[in-house]
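Protein chains: 2
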Amino acid sequence: MADAVRGKELHLVDGEEAPDEWASYLEDDDVIYATTQIFDALADYTRFRILGALTTSERSVGELQRLCGVSQSAISHQLRLLRDRGLVTMRREGQRSIYALADEHVATLIAVGLEHAGHWPE
Amino acid sequence: MADAVRGKELHLVDGEEAPDEWASYLEDDDVIYATTQIFDALADYTRFRILGALTTSERSVGELQRLCGVSQSAISHQLRLLRDRGLVTMRREGQRSIYALADEHVATLIAVGLEHAGHWPE
DNA sequence: CAAATATATGAACACATGCTCATACCTTTG
DNA sequence: CAAAGGTATGAGCATGTGTTCATATATTTG
């Protein structure tokens, strides 16, 4: 959906902590699209509850099913999406699949969103 | 800004606020729903570009139309949604409607999202 | 008031989304 | 290997969503 790479050098230096110029990302369609995909993953009630449950610890599909109160199939489908979007990782452990948040970015977004919704005007 | 937001105590920079226990919000269905509604507002390409444009300054519908490259009607419909969700405010100025971000929460979410998408693994 | 400019809104439509159902797959155990 | 527990996936369906089109409303100007 987003255009192919545009010539802009948004990552000035790979190695070091260039100041995070988030404003410059607003000119990069690919970054914008990627951002909406992440927000979209967080925008569904079931998915958000799954991710919320994973902030505490990694969990199996069965655990998530119980915690979120939806069918096994529904959980599995949503986990598939979250995995495809890169928000969670999965590993096998015997018969079970254990899911975990992919990195701290996800927890940060959840925290910021929750906190701001908790204080939201009106 | 994003660094100030990472971790659990998100507003300590401001001074006096009690530590924000975002984890407790995970038990409040209303807060969860409100959060998903905010993320949902940020999850559409057009809406995100509108909000992104508003991080620079307030703008009229016509400006947003040019900046986002979609029809006047589409912009107007999306602005309606953003207004209903409380992410933007509007004021009349002559024939024009001037829209602005409702508060810093919105800019923060955009910044965090963009920054993390920019660094997203893969 | 008529015309022009700027924005808003309802209806309709094409497409996306999230669920269920049925079933297949994978792993351990007997 | 068969059976059972645990998970994944495709199809189908009902509902939601973003856009366009046509038209309505609002505001300034002649």
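The listed protein sequences derive, respectively, from chains L and S.
Note that this note's numbering has the first sequence beginning at 1, numbered continuously upward.
Note that this note's numbering has the second sequence beginning at 1001, numbered continuously upward.
Backbone N, C-alpha and C define an ideal beta-carbon position, used for all residues, glycine too.
A quick note: this is a predicted structure, and the numbers were derived from the prediction, not measured.
For residue i, does the three-state DSSP call read helix, strand or coil?
i	result
residue 97/L	strand
residue 1109/S	helix
residue 1021/S	coil
residue 28/L	coil
residue 1119/S	coil
Pull up the distance between the alpha-carbon of residue i and that of residue j, whole angstroms please.
i	j	result
residue 1086/S	residue 1055/S	15 Å
residue 1062/S	residue 32/L	21 Å
residue 1007/S	residue 66/L	Residue placement at residue 1007/S is poorly supported in this model, since its pLDDT is 35, which falls under 50; the coordinates are not used for a value here.
residue 1068/S	residue 1080/S	16 Å
residue 1052/S	residue 1022/S	26 Å
residue 45/L	residue 1084/S	19 Å
residue 1074/S	residue 95/L	49 Å
residue 1089/S	residue 114/L	22 Å
residue 98/L	residue 38/L	21 Å
residue 47/L	residue 41/L	7 Å
residue 29/L	residue 105/L	20 Å
residue 34/L	residue 1110/S	12 Å
residue 76/L	residue 50/L	11 Å
residue 25/L	residue 1116/S	11 Å
residue 1118/S	residue 58/L	25 Å
residue 72/L	residue 100/L	17 Å
residue 9/L	residue 1112/S	Its pLDDT being 42, under 50, residue 9/L is placed unreliably by the model, and the measurement read from it follows with that caveat. When rounded, the distance between both Cα atoms is 20 Å.
Can you check whether the C-beta of residue i is within less than 8 Å of a C-beta belonging to chain S?
i	result
residue 62/L	no
residue 99/L	no
residue 117/L	yes
residue 74/L	no
residue 105/L	yes
residue 26/L	yes
residue 44/L	yes
residue 31/L	yes
Using beta carbons (cut-off 8 Å, strictly below), is residue i in contact with chain L?
i	result
residue 1113/S	yes
residue 1035/S	yes
residue 1004/S	Note that residue 1004/S scores 37 on pLDDT, short of 50, meaning its location in the model is unreliable; the coordinates nonetheless yield the value given after this. It does not: the Cβ of residue 1004/S has no partner Cβ on chain L nearer than 8 Å.
residue 1050/S	no
residue 1109/S	yes
residue 1084/S	no
Opposite residue i in the DSSP bridges: which residues?
i	result
residue 1088/S	1101/S
Legend entry - Entirely enclosed alpha helix (DSSP H) segments - the stretch 1031-1084 of chain S, minimum 4 residues: 1045-1056, 1061-1068 and 1072-1084
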